Every structure is written in C-alpha cells, then in structure tokens.
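Take 1 as the starting number for the sequence shown in full-length UniProt numbering and just add one per residue.
Idealized CB from N, CA, C, for every residue including glycine.
Computed from a prediction, not measured in an experiment: that's the story for all the values here.
Note sheet for the following structure.
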Amino acid sequence: MDKFANYKLLSPDNGQEVPFGSVWAGGKAVVFFMRRFGCVLCRHTAFKLSKMAPQLSANGVRLVGIGPEKLGYEEFKQGNFLAGEIYVDESKELYNSIGYKREGFLGILGEFIKGKLIAMNNAAKADGVTGNLKGDIHQLGGVLVLDSAGNKLYEFIQHEATDEPDYAAVAAAAGVAYNKAAVDSVPGPETCDTSCALPAR
C-alpha cells in the first residue's frame, strides 16, 4: 500500500485532508472501505468489526472506516456503527487504484432473487442495524489489515454487495483473539424492509 500513501482522504468532521499513509503510521490498522454510509450491509460489517475494537485498541491497532462520499455520514456517525476513525475518498481515486469495482443492476437483482440480500438484511435487523438507499448503490468495497510499513497482512475485495470479510482472518492478521459468538448474529424471519429493496432502474 506504500504506493498509495500520499492519496488524500478527507475528515468529514473538520474538512481536513490527511494522507492515506497516516492510517498505518506507527502501527497496524484494520481499514474498512464501505460501499456507502447508508448501506445496511456496510453498517452491519462496521458493527461486527467494532466488536473487536477493544482488543484492537489494547494492542495498538487502529480501526478505520473509509467512505466514497460524504452523503449519509452524519446519520452513520449518529448511529455509532463504527468504533473507529472515519474518512472519505470523495474522488474515489483510492477505491479505483486498489481495485474496488462497481456492481451493476443485474448483479444486485441476482443477489435479491437468490435471497442472500434479504437474509443478510434480516441478520442486520436482528442486531438493531438498519440502512437506506441514499448514495452510490453500485460501489463495492473491502477490508485491509496493514502493518506499520503499509504491507498487506489481509485483503478482502468485494465482488458482490453481499460479500463479507473473514472476521477470524481479520482478527488473526491484526494479532487479536477472535470471539465468533460475539461477532456472529442470528438472522430473523425472511422479510425485507426498504433498506434492502431494489431501486428503480
């Protein structure tokens, strides 16, 4: 990741720019690239990663979330979905350079038809996590665990919106214990609210 160290990220709280390299300066970092701040699945991933936050902090590992746009940030912040720092890559230059793709309408439709989107939405609701359709619904993201030199210890890249990181692998790469019972949640009944509904074409 060193070649991307000078890419600029924006702090949505104060408007200041920081280099991406500052994220791993001084120690390991777990970096979550979200699809968008309103995405219920992203919020649930942030919720699960945040269950590792006390251990990460105790071991000097930063938990960082990055969004592709500022839209929806305030609601995300108020929901306390991520127990870590949050930045924005408005130009999506970093997203594109790392290789985070975009999912077309047919891909989203396929996930909906297969029921995976509904099941994951229900799992999020069981944990009290909801979302909305505001923002760029096509952007995909991923998770990186980086060492203090910016080397990748773990990398996850989404190919579909319903793809999730391997939380045990994230914990192992970060050097903390993994509590599966604490991270996992139980899906609710097969229903779907507007947070996982398909947008009009």
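> Which value, in whole angstroms, describes the spacing of the CA atoms of F20 and K77?
Replying inline: Walking along the sequence shown from the start, residue 20 turns up at place 20. Walking along the sequence shown from the start, residue 77 turns up at place 77. Taking the straight line joining both Cα atoms gives about 21 Å.
> Closest to D127 by CA distance: which of A169, R43 and A83 is it?
Replying inline: Counting from one through the sequence shown, the residue named residue 127 turns up at place 127. Among A169, R43 and A83, the Cα nearest to that of D127 belongs to R43.
> Between the segment 114-122 and the segment 8-26, are three or more C-beta pairs nearer than 8 Å?
Replying inline: no
> Would you call G142 buried or exposed, if buried means 16 or more other Cβ atoms sit within 10 Å of its Cβ?
Replying inline: The residue labelled residue 142 in the question sits at position 142 within the sequence shown. Buried is the call here.
> Cβ atoms of V30 and L63: under 7 Å apart, would you say?
Replying inline: As a first step, residue 63 must be located in the sequence shown, where it is residue number 63. As a first step, residue 30 must be located in the sequence shown, where it is residue number 30. Going by C-beta atoms, L63 is nearer than 7 Å to V30.
>> Nearest by alpha-carbon distance to A83: which of G115, P54, Y95 and E17 is it?
In response: Counting from 1 along the sequence shown, the entry for residue 83 is found at position 83. Ranking the options by Cα distance to A83, first place goes to P54.
>> Do G38 and N132 count as a contact pair if the criterion is CB distance below 7 Å?
In response: Taking the sequence shown and counting its residues from 1, the one referred to as residue 132 is at position 132. Taking the sequence shown and counting its residues from 1, the one referred to as residue 38 is at position 38. Cβ distance < 7 Å, so N132 and G38 count as in contact.
> Can you give the Cα-Cα distance for D184 and E93, rounded to whole angstroms?
Replying inline: Counting from one through the sequence shown, the residue named residue 184 turns up at place 184. Counting from one through the sequence shown, the residue named residue 93 turns up at place 93. If I take the Cα positions, the gap works out to 33 Å.
> Rounded to a whole number of angstroms, what is the C-alpha to C-alpha distance between A161 and V40?
Replying inline: Translated into the one-based positions of the sequence shown, residue 161 becomes position 161. Translated into the one-based positions of the sequence shown, residue 40 becomes position 40. Going by the C-alpha atoms only, they are around 10 Å apart.
> Where do the N-terminal and C-terminal ends of the alpha helix (DSSP H) with Y73 fall, by residue?
Replying inline: By 1-based counting over the sequence shown, the position of residue 73 is 73. First-last of the alpha helix (DSSP H) with Y73: Y73 to Q78.
> Which residues does DSSP pair with L144 in a beta bridge?
Replying inline: By one-based count along the sequence shown, residue 144 stands at place 144. DSSP output for L144 lists V31 and E155 as bridge partner(s).
> According to DSSP, is Y7 helix, strand or coil?
Replying inline: To locate residue 7, count along the sequence shown from 1; it is residue 7. Of the three classes helix, strand and coil, the one that applies to Y7 here is coil, per DSSP.
> P54 lies in the alpha helix (DSSP H); which residues open and close that run?
Replying inline: Translated into the one-based positions of the sequence shown, residue 54 becomes position 54. Looking at the DSSP string, the run of the alpha helix (DSSP H) that includes P54 is A53 to A58.
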